[in-house]
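Heads up, the thing below is written out as structure tokens.
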Amino acid sequence: MQLPNRDGVAVDPVPFVVITGLAALLMLSFGPLYGQALGLSLSTAIAGSVCLSVLAAVSAYYQQVWTARPDMVGELPAGARGERLFYLMAILVVVIVALAIPLFI
5 MQLPNRDGVA VDPVPFVVIT GLAALLMLSF GPLYGQALGL SLSTAIAGSV CLSVLAAVSA
65 YYQQVWTARP DMVGELPAGA RGERLFYLMA ILVVVIVALA IPLFI
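All you need for our numbering is the position in the sequence shown, starting with 1, plus 4.
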């Protein structure tokens, strides 16, 4: 499945799907917990998390698909890709731990 950008050129949808999935995972996992901790009802907290997930999906679509320029993409060396992946994994772990800390206090 190829998604067209604003110029009608097919764009790889994998980055969009991954970013949208991770954003929805984080928001639907932690959003209701934080919403209830702030005094919202469970249904309101879930609805807010779903709305934020949709907003993240729209933002990711705009950035990763609609404004993408496949002709400007070049291949990165394997070392640079590995280093970037390592740093992104470390950042993701820090974010998840930071989100979980207030739940135990």
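From the three backbone atoms N, C-alpha and C, an ideal C-beta is built for every residue, glycine too. Every value quoted in this text rests on a predicted model; they were computed, and no experiment measured them.
Beta carbon of P17 nearer than 8 angstroms to that of L7: yes
Per-residue burial, P81 [other beta carbons within 10 Å of its own, 16 or more giving buried]: exposed
Proximity to G52 [Cα-Cα], best of V69, Q67, F34: F34
C-beta atoms of A28 and P36 nearer than 8 angstroms: no
Residues that DSSP places opposite P8 in a beta bridge: A14
Helix, strand or coil at T71 [DSSP, three-state]: T71 falls in the coil class under three-state DSSP.
The stretch 11-25 / the stretch 61-75 touching (three or more Cβ pairs under 8 angstroms): yes
Minimum C-alpha distance to G149 - residue among Q40, L89, G12, L59: With the chain represented from 5 up to 109, any question about residue 149 goes unanswered, as that position is not in the structure.
Reduced DSSP secondary structure (H/G/I, E/B, other) of S45: coil
Proximity of L46 and Q40 at Cβ, strictly below 8 angstroms: yes
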